[in-house]
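For the sequence shown, the numbering used here gives the first residue as 20, with consecutive numbering after it.
So the structure is just underneath, and the comments pick up after that.
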Amino acid sequence: MSESPGSRPEPPVPRHPGIYLLPNLFTTAGMLAGYFAIVSAFAGRYTEGAIAVFVAGLLDGIDGRVARLTNTQSDFGVQYDSLADLVSFGLAPSLVMYSWALRELNAYGTTLGKIGWAAAFVYAACAAMRLARFNTQIGVIDKRYFQGLASPAAAALLMSFVWTMSKLGVAGFEAAFVALGVTLVAAILMVSRIRYWSFKAMPGSDRVPFIWAPVAMAIIVLLVVHPQYFLFGITAIYVLSGPVMTLWGLRQRRNQRDSKRSADGS
């Protein structure tokens with residue numbers, strides 16, 4: 020018996036080899052911004068380098084959204100994005116920070132000079148481990164939270180610090196020890212298990228409270244008038260929010276255990 024034409028399964032649509040161009044163009048542009056930051060650091064243009072890392076962060080936020088909107092997500096894009104992030108948020112911030120301040124530790128002795136470049140490397144290595152861990156946890160952990168400080172946020176902390184200090188006229192030599200502490204703290208937080216809000220699971224309603232309108236305008240004004248101060252302040256608050264929420268959660272769980280013991284003993 021011959022099968023009727025209407026019942027035959029349609030042949031699979033051939034999948035053309037290659038990569039999706041549009042989202043990967045944004046990824047490449049972000050990596051270019053990170054590379055420009057490194058070149059700027061070597062040339063002594065630290066503010067330009069810091070701004071370039073923020074541009075890379077903006078482009079990094081666009082490429083994934085473009086891929087989802089155009090339905091051009093791919094495994095290649097995921098891996099390419101991680102490699103670009105390592106350049107933009109791992110190598111670039113560490114080299115800008117080293118060139119601006121950490122290498123100035125050589126003035127205090129050979130040992131401190133070695134600690135300076137070692138701290139820059141530790142930051143870059145922790146960024147690489149953070150990105151690798153993120154890739155292995157896609158679809159596994161709660162998407163509302165990051166486990167450890169995300170590498171773009173860590174890069175924002177370092178670069179907003181450099182930008183703010185430069186704006187205030189503070190030389191890298193004067194801020195070398197503080198820069199060392201900021202670099203190591205950011206590195207440790209990236210590989211920690213401290214949870215940070217990811218902003219990926221926002222309320223489903225398309226409407227937002229009216230109060231957000233003046234807040235948004237205030238943010239725009241601050242970004243135009245004093246971008247370095249605003250970015251450093253908001254990044255520092257976000258970085259501190261992880262440990263604060265963790266300590267709060269531990270306290271809440273301890274209080275619950277104490278309450279349960281009291282109830283069981285009564």
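Don't be surprised by glycine CBs; every beta carbon is placed ideally from N, CA and C.
All values derive from a computational prediction rather than experimental measurement.
Residue i, enclosing beta strand (DSSP E) - first and last residue
{"i": "Tyr117", "result": "Here Tyr117 belongs to no beta strand (DSSP E); instead the alpha helix (DSSP H) covers 111 to 119."}
{"i": "Tyr164", "result": "164 to 166"}
{"i": "Tyr215", "result": "214 to 216"}
Option in the options with minimal Cα separation from residue i
{"i": "Asn43", "options": "Phe73, Pro262, Asp100", "result": "Asp100"}
{"i": "Met184", "options": "Gly135, Ala86, Leu250", "result": "Leu250"}
{"i": "Phe95", "options": "Leu88, Thr66, Ser118, Asn154", "result": "Asn154"}
{"i": "Glu193", "options": "Val141, Asn274, Leu124, Ser211", "result": "Leu124"}
{"i": "Trp136", "options": "Phe196, Arg273, Arg272", "result": "Phe196"}
{"i": "Val97", "options": "Gly128, Thr66, Ala138, Ala151", "result": "Ala151"}
{"i": "Lys133", "options": "Leu199, Gly268, Ser217, Phe229", "result": "Leu199"}
N- and C-terminal bounds of the alpha helix (DSSP H) containing residue i
{"i": "Phe196", "result": "195 to 210"}
{"i": "Phe180", "result": "170 to 186"}
{"i": "Ala237", "result": "231 to 244"}
Under 8 Å between C-beta atoms of residue i and residue j
{"i": "Val258", "j": "Leu208", "result": "yes"}
{"i": "Ser93", "j": "Met50", "result": "no"}
{"i": "Leu114", "j": "Ile57", "result": "yes"}
{"i": "Leu105", "j": "Ala146", "result": "yes"}
{"i": "Ala172", "j": "Thr254", "result": "yes"}
{"i": "Phe55", "j": "Leu78", "result": "no"}
{"i": "Leu176", "j": "Met116", "result": "no"}
{"i": "Val163", "j": "Lys219", "result": "In the sequence as displayed, the identity of residue 163 is Arg instead of Val. The answer is yes: Cβ separation under 8 Å."}
{"i": "Thr91", "j": "Tyr39", "result": "yes"}
{"i": "Gly80", "j": "Ser170", "result": "no"}
{"i": "Ala75", "j": "Trp182", "result": "no"}
Assumed close pair residue i, residue j - CB separation to whole angstroms, cut-off 8 Å
{"i": "Thr89", "j": "Leu41", "result": "6 Å"}
{"i": "Thr47", "j": "Leu121", "result": "Not really, about 29 Å apart at Cβ, beyond 8 Å."}
{"i": "Gly63", "j": "Ala111", "result": "In fact, because the Cβ distance is near 15 Å, the residues do not count as touching under 8 Å."}
{"i": "Ala60", "j": "Ser118", "result": "4 Å"}
{"i": "Phe180", "j": "Arg214", "result": "Actually they are not in contact, since the Cβ atoms of Phe180 and Arg214 sit about 23 Å apart, beyond 8 Å."}
query: At which residue ranges does the region 59 to 144 contain complete alpha helix (DSSP H) runs of 4 or more residues, listed in the order of the chain?
result: 65 to 88, 94 to 104, 111 to 119
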